Structures are given as C-alpha cells and as structure tokens.
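2 protein chains.
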Amino acid sequence: MLSKNEEDYLKELFHLTTGEESDNAGTGQLADKLAVTPASANNMLKKLKEKGLVGYQKYGKSTLTEAGRAAALQLIRKHRLWETFLYETLDFSWDEVHEVAEQLEHIRSEKLIEKLDKFLDYPEFDPHGDPIPDAQGNMAPRKKLTLAEIPVGQACRIIGVRDSSALFLQYISELGLSLKSEITVLEKIAFDNSLRILSEGREIQVSEKFSLHVFVR
Amino acid sequence: MLSKNEEDYLKELFHLTTGEESDNAGTGQLADKLAVTPASANNMLKKLKEKGLVGYQKYGKSTLTEAGRAAALQLIRKHRLWETFLYETLDFSWDEVHEVAEQLEHIRSEKLIEKLDKFLDYPEFDPHGDPIPDAQGNMAPRKKLTLAEIPVGQACRIIGVRDSSALFLQYISELGLSLKSEITVLEKIAFDNSLRILSEGREIQVSEKFSLHVFVR
DNA sequence: TAGGGTATTTAGACAAGACTAACTTTTATG
DNA sequence: CATAAAAGTTAGTCTTGTCTAAATACCCTA
Chain U
24 MLSKNEEDYL KELFHLTTGE ESDNAGTGQL ADKLAVTPAS ANNMLKKLKE KGLVGYQKYG
84 KSTLTEAGRA AALQLIRKHR LWETFLYETL DFSWDEVHEV AEQLEHIRSE KLIEKLDKFL
144 DYPEFDPHGD PIPDAQGNMA PRKKLTLAEI PVGQACRIIG VRDSSALFLQ YISELGLSLK
204 SEITVLEKIA FDNSLRILSE GREIQVSEKF SLHVFVR
Chain W
24 MLSKNEEDYL KELFHLTTGE ESDNAGTGQL ADKLAVTPAS ANNMLKKLKE KGLVGYQKYG
84 KSTLTEAGRA AALQLIRKHR LWETFLYETL DFSWDEVHEV AEQLEHIRSE KLIEKLDKFL
144 DYPEFDPHGD PIPDAQGNMA PRKKLTLAEI PVGQACRIIG VRDSSALFLQ YISELGLSLK
204 SEITVLEKIA FDNSLRILSE GREIQVSEKF SLHVFVR
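Okay, structure coming up:
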C-alpha cells in the first residue's frame, strides 16, 4: 500500500517523464515540482526504488518502472475523474477543481472510483481537455483543445463536445452550431471569460462554461 | 489547522461524551475506539488540551471545549453528507458507506461541503437515520428509526420519508402507504434484507433500499 | 585537462504520532 | 482500611518524511 506522499512522487515523476521533454526527471526538478528539498526527493527516490516502482541510479535521471507507471496512471485517473465530478456535478469553476482533486485523488476505494466513473457516464476527457485513463490505464494520446483556449482572432473547427446531456445538445443546436462548424473567436470578455464568436456569418455570445464543453481543432 | 489524526480524536471524543452514557471518555476507552494504545491517546489528549480543544486533567475523564465540539460537529457533518452522497448518488449499499466516508470526511474544502450539501438538497438525515448538522453545527436531537431497523413481528407507524424525489413518492403512494400508515413487519429475507410487511390488511414486499427511506416510530 | 559551478548525495536533526515497558494513581475488594 | 487490580501516565524508541549543512560527483569552459 502506497502512502499519500509516495503517490505524489509517482504522479509527478509520470508528468516529468511523459511530456515531450522527458529529460526533466532529475532529483532537483522533481524536488521543485513537489516543493521539497532535493535531499527529501533523493530520500524518497531511494525508497521507491526499493519498492520496485522507480528506476533510480545515483546521479542519473529517474524513470518509472511498469509497476510505478501503472500506479501513477491510476492516480491520474482518479484525479481527472474527481475534477470532472467537481466541474460537471457540483458546478465548481474551471480553475477551482484542481486543488480539491489533489486531495480527493488519494481516497482509497476501488468501488468508489468505479461508481464515480459510471455516474459521470465514463467521461473521456476532464474539464481541462486532458484524457482520463480507463480502469486498465489506457488513455487517449493527447489533450483536446477546447474553444475556451483559442486565442482571439483565431479560427477553428468543432470536432466534438464534452458531454451529451440533452440540455447541452439542445442548446448547441439552437445556436446553429454542429460538428464541423467553423468558428472565429472575435473577443474574450475579461470579466467572465465569455466569448463573442463568428460562425457562418452570424455573431454569437457564449459563456465560458459553454466554451469548455466544445472541443475544437 | 487540525491534522487528520487530531480530527479523529475529536470526533471520537464527541461520540463518547455525547451519547446517553457520557461517562466513557477515559483515556482507555478513547484508545480502544481509535485502535491505539492508552499511551498514544494520553499523548494526543495533552496536545489537544494545549490547543484549547479538549478539557483534560490527569486521571480524569476528558471533555470537549466549545471549540473542540464545533470542530467535531463539522467533521460529523462532512461524514454524514458523504455517506448520504455515497448512498443516494453513487448507489453504495447501506453498510459500505461508512468506511469510505471515514476518508472523505478529512477533505479540506469549505466550498466542497457547501456544494455537496446543495447538490443533495440539504438532507437532514444520513442513510442510517442519524441527523446531519448544518453549517452552524445545529442538528436534530435524535436518530430517526427507519423501517429497516424494526424487528420482525413488531408494528410501527410511518412518520416521514428520507427523500422527496418524484420517483420515490410515486412508488410509495402506489404501494398504498402514506404518513400515519400502520405497518407490521412479517419477515426479513436474509438474502437481501428485503421485507414482507402488512399494512391495512394487505401484504407487501419491499426492498432494503425502500425500507431505509421510510422513517417510523 | 584543470577548475569551478551546479547538481546530487550523505549525515544528522526534527516533528508527528505510534509503540513498549515501567511507574503512579485511583478504585475496588476483602 | 489495607492492598491488589485496573486505569492512567511517563520515558524512551521507532517510522515517515521533512530539513540544513557538508561532502561529493558531474560537466562545461578556458
């Protein structure tokens, strides 16, 4: 059984070794990310090596073993499912979910995560567009871009939507938008991050919440 | 800020000092409840006294101060709200909710509890019939008895229902039951805890889930 | 290739919270 | 009322995970 701290190290190590620049898994970088001294990180790396979760060698970059990677993916699964729950069900805003999910991800209960996944109808992406691993640790290869992240002035095309609730689908079709619709972002209102957008010659105003539900390319 | 362990001690102390027999708050009883040695409990009691949360004197029974009581009530509020969530929303069974709620109650976020309370529509009782304190720490004085807890052969009267969802209210009225209905429990099926009951001369079979939603006296 | 700067590791200390073993106080019993 | 049993306390140790300070290894550049 892993402690909360061990889990945090594994998760961070996953992020450091999996991004495009996977050359960042030195003791120091890891320590930085976890807001801990290099001495502490070194200590933990040795312990995780003992447990067969991390490939660590003195003065080298660290890597996750298969077991370590699997544990990290489970944690990421829990984190992103909780973020989705907080955002979709409890109506947290986009930027509030992370901090609370950091705590919730450490709750130990297989059943809880299964039931939560089912309740949320097996979402594939979290509110930030990051893919959610399934129970076996498989996940879509990359982040989906949401309409909320398109810079003002740029054009994009709708390639999907986050959820398929009747309310949302009804609304999006009432707006005259659908898959393949081409959109240009005209303005982002700083006050509430709502957007003025242009689609097929018509100008529409949508909320941040809406824009986070629309995947684009 | 209280640690998880400090919180556990306060909550247990609340239960030991608040029940009918409030004479149980010795170092040893507390240690028993928390599965810890008396030495450990003694240690913690001294610490909590320092923090002004517990009235502790050598060789005496311990009590909660007002601050300690308030902290304990917040914890109990969180515990019972999570139990309600697990039972009502995620479809956990009656006996599975406690263990997971023991973990969830330590999540630190005012906002989370507010939003959860709202999402659950401000429930007054948890799945075991225990009252849920409100944000100010007020709660109904005693446990409500549910139909599930009535022994076979005994009669009782419906005095309320746990939730007022359309589905549930429709079902209970279809069964011909209502407030003030007199019920006798004929048999409890060991397999799934469903009940055969008698009301106004008619025999009805109901599930455990149903029986937990009906408050009786 | 020799320094010097940076990154990493080691050693030793500390806090929380548990434990065991030994000691003290309270309580109950004869 | 004396004393033994039960309950509570103290002292010292252990583990986890942190820290600081000092030592060591790596690597880049002159």
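Protein chains in written order, with the working numbering: chain U, 24 to 240; chain W, 24 to 240. For every residue, glycine included, the Cβ atom is placed at its ideal position computed from N, Cα and C. Keep in mind it's a predicted model, so treat the numbers as computed, not measured.
(request) Using alpha carbons as the reference points, say which of Gly91(W), Pro154(W), Ser188(W), Ala54(W) lies closest to Asn65(W). (result) Indexing the second sequence from 1 puts residue 65(W) at position 42. Nearest option by C-alpha distance: Ala54(W).
(message) When you compare the region 101-119 of chain U with the region 129-145 of chain W, are there three or more beta-carbon pairs, one atom per stretch, that lie closer than 8 angstroms?
(response) Cβ pair count under 8 angstroms is three or more, so yes.
(message) Below 8 angstroms on the Cβ atoms is my contact criterion, and I expect Arg103(W) with Asp149(W) to pass it. Report the Cβ-Cβ distance as a whole number of Å.
(response) Taking the first residue of the second sequence as position 1, residue 103(W) is located at position 80. Taking the first residue of the second sequence as position 1, residue 149(W) is located at position 126. Right, the Cβ-Cβ distance comes to about 4 angstroms (below 8 angstroms), so this counts as a contact.
(message) Counting C-beta neighbours from all protein chains within 10 Å, is the total for Glu197(U) 16 or more, i.e. buried, or is it exposed?
(response) Within the first sequence, residue 197(U) is the residue found at index 174, counting from 1. Classification for Glu197(U): exposed.
(message) Is it buried or exposed, Ala124(W), if we count other Cβ atoms within 10 angstroms and call 16 or more buried?
(response) Sequence index remark: in the second sequence, residue 124(W) carries index 101 (1-based). Classification of Ala124(W): buried, given that the 10 Å Cβ count is 16 or more.
(request) Could you tell me the distance, in whole angstroms, from the CA atom of Arg131(W) to the CA atom of Leu109(W)? (result) Position 108 of the second sequence, counted from the first residue, corresponds to residue 131(W). Position 86 of the second sequence, counted from the first residue, corresponds to residue 109(W). A direct Cα-Cα distance of roughly 18 angstroms separates Arg131(W) from Leu109(W).
(request) Alpha carbon to alpha carbon, how far is Leu200(U) from Glu210(U)? Give it in angstroms, no decimals. (result) Position 187 of the first sequence, counted from the start, is the residue given in the question as residue 210(U). Position 177 of the first sequence, counted from the start, is the residue given in the question as residue 200(U). Taking the straight line joining both Cα atoms gives about 18 angstroms.
(request) Drop a sphere of 10 angstroms on the beta-carbon of Ala95(U), count the other beta-carbons inside from all chains shown, and report buried for 16 or more, exposed for fewer. (result) What you label residue 95(U) is simply residue 72 of the first sequence in a count that begins at 1. Flag for Ala95(U) reads buried.
(request) Give a yes or no on whether the C-beta atoms belonging to Glu30(U) and Trp117(U) are separated by under 8 angstroms. (result) As a first step, residue 30(U) is located in the first sequence; it is residue number 7 there, counting from the start. As a first step, residue 117(U) is located in the first sequence; it is residue number 94 there, counting from the start. No.
(request) On the DSSP bridge assignment, give the partners of Arg225(W) in chain order. (result) Position 202 of the second sequence, counted from the start, is the residue given in the question as residue 225(W). Ser222(W), per the DSSP bridge assignment.
(request) For Ser132(U), return the contacting residues in chain W, with the cut-off set at a CB-CB distance below 7 angstroms. (result) As a first step, residue 132(U) is located in the first sequence; it is residue number 109 there, counting from the start. Near Ser132(U) (Cβ distances below 7 angstroms), the residues of chain W are Val123.
(message) Quick check on this structure: which residue in Phe191(U), Phe238(U), Val175(U) has the alpha carbon closest to the alpha carbon of Leu218(U)?
(response) Indexing the first sequence from 1 puts residue 218(U) at position 195. When C-alpha distances from Leu218(U) are compared across Phe191(U), Phe238(U), Val175(U), the shortest belongs to Val175(U).
(message) Would the region 218-229 of chain U count as touching the region 56-76 of chain W if we require 3 or more Cβ pairs under 8 angstroms?
(response) Touching, no, given that fewer than three Cβ pairs across the two stretches are closer than 8 angstroms.
(message) Measuring straight from C-alpha to C-alpha, what distance separates Asp153(U) and Thr40(U)?
(response) In the first sequence, counting from the first residue as 1, residue 153(U) sits at position 130. In the first sequence, counting from the first residue as 1, residue 40(U) sits at position 17. Cα-Cα distance, rounded: 17 angstroms.
(message) Quick check on the burial criterion: 16 or more other C-beta atoms within 10 angstroms. Buried or exposed for Gln97(U)?
(response) Against the first sequence, residue 97(U) aligns to sequence position 74. Residue environment for Gln97(U): buried (at least 16 other C-beta atoms within 10 angstroms of its C-beta).
(message) For Lys70(W), which residues in the same chain have their Cβ closer than 8 angstroms to its Cβ, ignoring the five residues on either side in sequence?
(response) The residue labelled residue 70(W) in the question sits at position 47 within the second sequence. A distance below 8 angstroms between beta-carbons, with the five flanking residues on each side excluded, links Lys70(W) to the following residues of its chain, in chain order: Glu29.
(message) Between Lys167(W) and Phe238(W), how many whole angstroms is the CB-CB distance? I'm expecting something under 8 angstroms.
(response) Here residue 167(W) refers to the residue found at position 144 of the second sequence. Here residue 238(W) refers to the residue found at position 215 of the second sequence. Indeed, because the Cβ distance is near 5 angstroms, the residues count as touching under 8 angstroms.
(message) Please list the terminal residues of the continuous alpha helix (DSSP H) segment that includes Val123(W).
(response) Reading the second sequence from its first residue, position 100 is the one you call residue 123(W). First-last of the alpha helix (DSSP H) with Val123(W): 120-127.
(message) In the DSSP output, which residue or residues are listed as bridge partners for Phe148(U)?
(response) Numbered from 1 along the first sequence, position 125 holds the residue referred to as residue 148(U). According to DSSP, which records beta bridges pairwise, Phe148(U) is partnered with Pro154(U).
(request) Go through its chain and collect everything with a Cβ distance to Arg180(W)'s Cβ below 8 angstroms, but skip five positions before and after it. (result) Translated into positions along the second sequence, residue 180(W) becomes position 157. When the five nearest sequence neighbours on each side are left out, the beta carbons in the same chain lying within less than 8 angstroms of the beta carbon of Arg180(W) are those of Lys203, Ser204, Glu205, Ile206, Val239, Arg240, in order along the chain.
(request) At 7 angstroms on the CB atoms, spell out the chain W contacts of Gln159(U), in chain order. (result) Within the first sequence, numbered from 1, the residue matching residue 159(U) stands at position 136. Neighbours of Gln159(U) across chain W, judged by C-beta separation under 7 angstroms, do not exist; the nearest C-beta is about 21 angstroms away.
(request) Starting from the beta carbon of Asp114(U), find every residue of chain W whose beta carbon is closer than 9 angstroms, and list them in chain order. (result) For this step, residue 114(U) is matched to residue 91 along the first sequence. Those are Lys138, Lys141, Phe142, listed as they occur along chain W.
(request) Closer than 7 angstroms by beta-carbon distance: list the chain W residues that pair up with Gln52(U), in chain order. (result) Position 29 of the first sequence, counted from the first residue, corresponds to residue 52(U). One finds nothing in chain W with a Cβ atom closer than 7 angstroms to the Cβ of Gln52(U); even the nearest lies about 28 angstroms away.
(message) With a threshold of 8 angstroms between beta-carbons, can Gln80(U) be considered close to chain W, or not?
(response) Along the first sequence, read from residue 1 onward, the residue named residue 80(U) stands at position 57. Under the Cβ distance rule, Gln80(U) does not count among the residues neighbouring chain W, no pair being separated by less than 8 angstroms.
(request) Under 7 angstroms between beta-carbons, which chain W residues line up against Leu127(U)? List them in chain order, please. (result) Working through the first sequence from its first residue, we reach residue 127(U) at position 104. Ile130, listed in chain order.
(request) Under 8 angstroms between beta-carbons, which chain U residues line up against Leu235(W)? List them in chain order, please. (result) As a first step, residue 235(W) must be located in the second sequence, where it is residue number 212. For Leu235(W), no chain U residue has a Cβ inside 8 angstroms of its Cβ, as the nearest lies near 18 angstroms away.
(request) Measure the Cβ-Cβ separation of Glu133(U) and Lys101(U) and say whether it is below 8 angstroms. (result) As a first step, residue 133(U) is located in the first sequence; it is residue number 110 there, counting from the start. As a first step, residue 101(U) is located in the first sequence; it is residue number 78 there, counting from the start. No; because the gap between Cβ atoms is not below 8 angstroms, this pair is not in contact.
(message) Please return the same chain residues whose Cβ sits closer than 7 angstroms to the Cβ of Val120(U), not counting the five positions on each side in sequence.
(response) Taking the first residue of the first sequence as position 1, residue 120(U) is located at position 97. Spatial neighbours of Val120(U) in its own chain (CB-CB distance under 7 angstroms, excluding positions within 5 residues in sequence) are listed in chain order as Glu106, Leu109, Tyr110, Pro150.
(request) Buried or exposed for Ile212(U), please, with buried defined as at least 16 other CB atoms from any protein chain shown within 10 angstroms of its CB. (result) Your numbering for residue 212(U) matches position 189 in the first sequence. Taking every protein chain shown into account, the CB of Ile212(U) has fewer than 16 other CB atoms within 10 angstroms, so this residue is exposed.
(message) In the DSSP output, which residue or residues are listed as bridge partners for Thr207(W)?
(response) Along the second sequence, read from residue 1 onward, the residue named residue 207(W) stands at position 184. Thr207(W) pairs with Ala178(W), Leu221(W).
(request) Confirm, please, whether the CB-CB distance from Ala48(U) to Leu33(U) is below 8 angstroms. (result) Indexing the first sequence from 1 puts residue 33(U) at position 10. Indexing the first sequence from 1 puts residue 48(U) at position 25. Against a cut-off of 8 angstroms, the Cβ pair of Ala48(U) and Leu33(U) comes out as no contact.
(message) So with CB distances below 8 angstroms, who are the chain W contacts of Leu71(U)?
(response) Mapped onto the first sequence, residue 71(U) falls at position 48. Around Leu71(U), no beta-carbon contact reaches into chain W at under 8 angstroms, the shortest distance being about 23 angstroms.
(request) Output yes if chain W places a C-beta closer than 8 angstroms to the C-beta of Leu135(U); else output no. (result) Taking the first sequence and counting its residues from 1, the one referred to as residue 135(U) is at position 112. So, interface residue.
(request) Find out if the Cβ-Cβ distance for the pair Leu221(W), Thr169(W) is shorter than 8 angstroms. (result) Start at 1 with the first residue of the second sequence, and residue 221(W) comes out as number 198. Start at 1 with the first residue of the second sequence, and residue 169(W) comes out as number 146. Cβ distance not < 8 angstroms, so Leu221(W) and Thr169(W) don't count as in contact.
(message) Rounding to the nearest angstrom, what Cα-Cα distance links Ser85(W) and Asp215(U) in this structure?
(response) The count along the second sequence starts at 1 and reaches residue 85(W) at position 62. The count along the first sequence starts at 1 and reaches residue 215(U) at position 192. Ser85(W) and Asp215(U): Cα-Cα distance of roughly 51 angstroms.
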